[in-house]
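Structure first, commentary second.
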Amino acid sequence: MLALVGAGPAVVRDDGAGPEPAAIRILPLERSVAAGPTKVETLLIDPAIVRVRFLLDGEVQAQRRHPPFDAKLPFAQPPREQRLEVEAYAAGGELVGRDVLVVNRHDPPFAVRLTGLDAAAGGLLARAEVSVPRGAALEEVVFELNGTPIARLTEGPFEARIPLSRPATTADFVRLEARLADGRRLEDVATVVDRPGLSERIEVNLVELQTLVTVRRTGQVVTGLEADDFDLRQRGKPQRIARLYRAGDVSLSFGLVLDSSGSMAPIWQRTLDAARELLSGTMSPRDRAFLVDFNTRLRLAQPLTGDFEALSHSLEEIEPSGGTALFDSILFGLLQLVDAPGRRALVVVTDGVDSASKADPDRIAGIARRLGVPIYVVALAQPGRSAEVTTTVHALKLITDPTGGRLLRVGRLSLEHAFARIGAELRNQYLLTYYAAEPPGDDPEAVSVRIKGRKDLEVRTVRGGG
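Numbers in the working numbering are just positions in the sequence shown, counted from 1, shifted up by 353.
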């Protein structure tokens with residue numbers, strides 16, 4: 354059975370936590386399964402919060418009265434399904450918000466498995482099981498022999514006759530791919546041995562790499578590449594690319610995070626126009642986007658949607674005022690992508706100086722890598738603030754560079770040019786998949802990708818988030 358490396362934590366956000374706007378959110382856990390002592394981190398959205406309680410299965414485990422509002426909690430060992438809850442209180446003792454996650458829940462996963470390769474007239478009968486998550490739609494199940502499609506099915510039973518014109522060898526293999534309507538896909542592979550009715554299972558991990566290739570000197574995106582053009586290595590060992598997908602093959606979920614502090618007022622209308630152009634020029638019919646605006650507070654102005662008109666209307670309702678909680682807003686934006694399907698990205702627009710955040714860049718970059726989200730930041734130049742901006746720009750690069758994103762400083766580029774460049778990159782990504790005997794783990798240096806014979810090209814990658 355194939356395991357999708359980089360899949361999100363085995364947690365489900367409980368709808369009982371309440372509608373937006375949230376006052377507090379639990380950040381993604383560092384491990385996919387919570388067992389034993391595990392650190393739980395939170396993001397405070399309501400500035401009135403002065404006390405946070407941490408509960409497991411309804412029992413209080415910890416309480417914090419000052420930042421950081423984090424705690425190490427004793428999850429069950431061995432692991433089992435548990436309800437993790439945080440409660441946030443204001444100075445007067447009133448409850449102002451809560452967030453709930455059900456951890457280690459066994460929900461129907463997206464999964465595929467070849468269950469049989471049996472002798473049949475003229476070849477083999479391949480059988481498969483496919484599990485589709487609640488709320489998802491199956492688009493297609495494809496059976497292949499040695500890379501050639503044999504059968505395409507849209508509903509069960511998932512069986513296909515595999516023709517063999519000669520005796521099978523250990524070099525022959527059957528591949529199964531299941532695709533969901535939102536762009537997600539999983540694969541399973543089995544080799545066919547030379548005695549009909551027997552199969553040898555390969556226990557491997559399917560790794561996804563969201564990849565962008567640009568000309569190093571100009572930044573121009575490079576299109577038209579094929580799998581053979583890439584040199585992909587895991588811990589120095591060459592890996593065979595199983596499939597190369599282009600941006601149009603996989604849906605995109607992305608967030609637009611806009612600085613709505615008072616200092617943005619002079620260029621606010623230009624920012625809105627450029628943001629609207631980015632949305633209209635980047636989104637295809639099956640893509641989705643959301644909108645966050647921030648000053649000293651964070652707000653989900655428009656949840657994830659494929660409705661461009663709803664996004665455009667939400668843009669018009671934002672009015673710039675107040676200070677800047679830049680890093681908290683990036684973290685808040687990432688939380689909206691935890692369960693988003695397909696390719697993911699976050700685009701942040703700011704005038705550059707953080708005056709109200711508690712989150713730090715390394716923490717943000719780590720969560721973005723775990724979720725498989727490249728972060729793009731458009732930093733707008735502000736006269737008379739060069740020292741502050743330089744410090745913030747350095748911190749922003751600690752976020753954009755490790756996630757496969759990019760920092761674009763307006764002043765060197767026009768605002769419109771910066772947005773156009775981001776749109777071009779999102780529309781021309783590649784998604785590379787390969788099979789690994791062992792998962793690459795959390796080390797960002799474990800996987801390297803370059804273009805064969807082209808030192809003039811730069812390759813940026815982030816591992817898929819499931």
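Don't be surprised by glycine CBs; every beta carbon is placed ideally from N, CA and C.
Here the structure is a predicted model, which means the values were calculated and not measured.
| Item | Value |
| --- | --- |
| Would you mind sorting E778 into buried or exposed? The rule is 16 or more other CB atoms within 10 Å of its CB. | buried |
| May I ask you to report which of helix, strand or coil DSSP gives I515? | strand |
| Express the C-alpha separation of R384 and E434 in angstroms, rounding to a whole number. | 14 Å |
| Could you work out which residue in E497, A388 and G509 is closest to R458 when comparing CA atoms only? | A388 |
| Over the uninterrupted beta strand (DSSP E) stretch that includes R596, give me the two end residues. | I594 to R599 |
| Any idea what DSSP makes of K750, helix, strand or coil? | helix |
| Helix, strand or coil: which one does DSSP assign to T507? | coil |
| Suppose only complete runs of 4+ residues qualify. What are the alpha helix (DSSP H) ranges in the segment 682-741, listed by chain order? | 714-724 |
| For V495, collect the residues of the same chain with a Cβ closer than 6 Å to its Cβ; drop the 5 residues on either side in sequence, then sort them by chain order. | P502, R505 and E530 |
| Identify, in the order they occur along the chain, each residue of the same chain with its Cβ nearer than 6 Å to the Cβ of R404, setting aside the five sequence neighbours on each side. | R418 and Y442 |
| Assuming contact is defined by CB atoms lying nearer than 7 Å, are D704 and S616 in contact in what I supplied? | yes |
| What are the boundary residues of the alpha helix (DSSP H) that G806 is part of? | Looking at the DSSP string, G806 is not in any alpha helix (DSSP H), and its letter there is neither H nor E. |
| Hey, R697 and S606 are a contact pair by Cβ (cut 8 Å); roughly how many whole angstroms apart? | 5 Å |
| Restricting to Cα atoms, I'd like to know which of R716, T814, G446 and K808 is closest to N781. | T814 |
| Is P591 helix, strand or coil when you go by DSSP? | strand |
| For V645, which residues does DSSP report across the bridge? | V610 and L653 |
| Taking the alpha-carbon positions, what's the F453 to D581 distance? | This sequence places Val at residue 453; Phe is not what is there. Taking the straight line joining both Cα atoms gives about 46 Å. |
| Less than 7 Å between the beta carbons of T635 and G776, yes or no? | yes |
| Can you check DSSP and say which residues form a bridge with Q435? | V456 |
| Around the Cβ of G757, are there at least 16 other Cβ atoms within 10 angstroms (buried) or fewer (exposed)? | buried |
| Contact between the segment 761-771 and the segment 679-690: three or more CB pairs below 8 Å? | no |
| Taking one C-beta from the segment 566-583 and one from the segment 661-671 each time, how about it: are there three or more such pairs within less than 8 Å? | no |
| Identify whether R570 lies in helix, strand or coil by the three-state DSSP scheme. | coil |
| Quick one, which of I728, I683 and V702 has its alpha-carbon nearest A712's? | I683 |
| Quick one: what does DSSP say R378 is sitting in, helix, strand or coil? | strand |
| In the structure shown, what three-state DSSP assignment does T745 receive? | helix |
| What number of angstroms, rounded off, separates the C-alpha of P656 from the C-alpha of D640? | 13 Å |
| Is the segment 622-629 in contact with the segment 595-606, if contact means three or more CB pairs nearer than 8 Å? | no |
| If A464 and E492 are in contact, beta carbons under 8 Å, what's the gap, nearest whole angstrom? | About 16 Å separates the two Cβ atoms, so there is no contact after all. |
| Between E811, S484 and V701, which has its C-alpha nearest F511's C-alpha? | S484 |
| Suppose you measure from the CA of S710 to the CA of L467; what does that come to, to the nearest Å? | 49 Å |
| Quick one: Cα of D547 to Cα of K750, how far? | Model confidence at D547 stands at a pLDDT of 40, short of 50, so the residue's coordinates are unreliable and nothing is read from them. |
| State the start and end residues of the unbroken alpha helix (DSSP H) segment that holds F407. | Per DSSP, F407 belongs to no alpha helix (DSSP H); it is in the beta strand (DSSP E), I402 to L409. |
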